[in-house]
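Residue numbers (my numbering): 45 to 354. Each residue gets a CB set at the ideal place from its N, CA and C atoms; glycine is no exception.
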Ligand SMILES: [Cu+2]
């Protein structure tokens with residue numbers, strides 16, 4: 045139930061979220077839910093959308109967990125806001141000078157004071173328990189399939205695949221004049237991070253110079269990269285696609301110059317890419333992106349995005 049509410053909340057928020065549209069949204073939400081299941085394996089683009097008001101759609105389980113928690117807190121906020129607004133309206137009306145010329149001098153009410161202390165504590169408990177569960181879930185992969193080292197540098201990303209021969213490479217954004225069809229300004233990069241669909245990927249972050257932050261919303265990951273320190277987190281993409289992110293820690297003049305592009309591809313394709321990357325990067329040549337993620341990237345939505353970002 046909570047899952048369904050979560051999905052619906054996000055869809056409503058994305059569609060504009062107007063309360064008046066609630067009923068239409070409900071019907072639409074149910075339709076989208078069914079369509080969502082059918083589209084589970086088509087490549088998705090994890091990037092900001094025009095007029096996007098909710099969180100980005102989930103590309104994997106961590107983001108899904110974030111959606112659920114977000115929906116829970118959202119509905120608690122809605123309930124509290126409605127309750128306080130109604131209470132306020134009632135007090136203004138009921139105790140206006142005209143209707144209540146002699147105000148009561150009461151200054152304490154034990155029952156009320158206990159209630160307005162205990163109820164918020166209970167609400168906070170309801171939020172705290174799933175919140176901690178989510179923090180620990182995001183913290184590290186229980187059974188990681190392999191590791192990727194992510195290093196933030198002024199101002200580019202440096203990636204290493206220690207479990208695939210230890211090849212390393214740098215990742216820079218594609219310049220505006222060199223954007224190919226379907227690439228997104230300030231988000232597409234020359235050498236994307238490539239991961240296999242369905243793999244638990246351990247991410248170890250560190251910084252070379254200043255603090256950066258590895259942030260990919262659709263995969264639900266955000267981790268600081270701190271010089272002299274290694275932090276652990278993990279990602280998993282449950283469907284093929286391209287997931288974009290950014291360094292989101294103000295790190296200097298070229299902070300904007302640090303987009304992140306993660307390509308999730310089928311496992312065989314990832315293995316072929318990793319094999320090729322090992323020799324290509326050693327020769328100082330980019331291996332190029334894995335074939336299918338590029339070819340299957342829905343050109344329509346990519347163009348839309350490119351237009352929206354202009
Ligand atoms: Cu940075």
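Runs of beta strand (DSSP E) with 3 or more residues, each lying fully within the region 147-228, are found at 190-197, 200-205 and 211-215, listed in chain order.
It is roughly 12 Å from the alpha-carbon of residue 218 to the alpha-carbon of residue 200.
At a threshold of 7 Å, residue 289 does not count as near ligand 1, since its beta carbon sits no closer than that to any of the ligand's heavy atoms. The C-alpha of residue 144 lies about 13 Å from the C-alpha of residue 134.
Straight across, the Cα-Cα distance linking residue 194 with residue 99 is about 24 Å. Fewer than three Cβ pairs drawn from the region 268-280 and the region 210-225 lie within less than 8 Å of each other, which leaves the two stretches out of contact.
Ligand 1 approaches residue 199 closely enough that one of its heavy atoms is under 7 Å from the residue's Cβ. The beta carbon of residue 195 sits no closer than 7 Å to any heavy atom of ligand 1. Here the alpha carbon of residue 180 sits roughly 31 Å from the alpha carbon of residue 235. Of 328, 323, 318 and 326, the smallest CA-CA separation from residue 191 is found for 318. Segment contact: the region 244-259 against the region 164-175, fewer than three CB-CB distances shorter than 8 Å; contact not assigned. Between ligand 1 and the CB of residue 202, the shortest heavy atom gap is not smaller than 7 Å. Leaving aside the five residues that flank residue 215 on each side, the residues in its chain whose CB is nearer than 8 Å to its CB run, in chain order, 200, 201, 202, 203, 233, 234, 235, 236, 237, 304 and 305. Distances from the alpha-carbon of residue 248 to those of 297, 206, 264 and 296 put 206 closest.
The region 92-112 makes contact with the region 281-299; the number of CB pairs closer than 8 Å reaches 3 or more. A residue is called buried when at least 16 other Cβ atoms come within 10 angstroms of its Cβ; residue 257 meets this threshold and is buried. For residue 114, the CB contacts under 7 Å within the same chain, skipping 5 residues up- and downstream, are 99 in chain order.
Taking residue 210 as the centre and dropping the five residues before and after it, the same chain places no C-beta closer than 6 Å to its C-beta.
The beta-carbon separation of residue 107 and residue 329, rounded to 34 Å, does not stay under the 8 Å limit for a contact. If you draw a 10 Å sphere on the C-beta of residue 94, you find fewer than 16 other C-beta atoms in it, and that means exposed. Not a single heavy atom of ligand 1 lies less than 7 Å from the C-beta of residue 266. Look at residue 303 here: in three-state DSSP terms it is strand.
Leaving aside the five residues that flank residue 138 on each side, the residues in its chain whose CB is nearer than 8 Å to its CB run, in chain order, 144.
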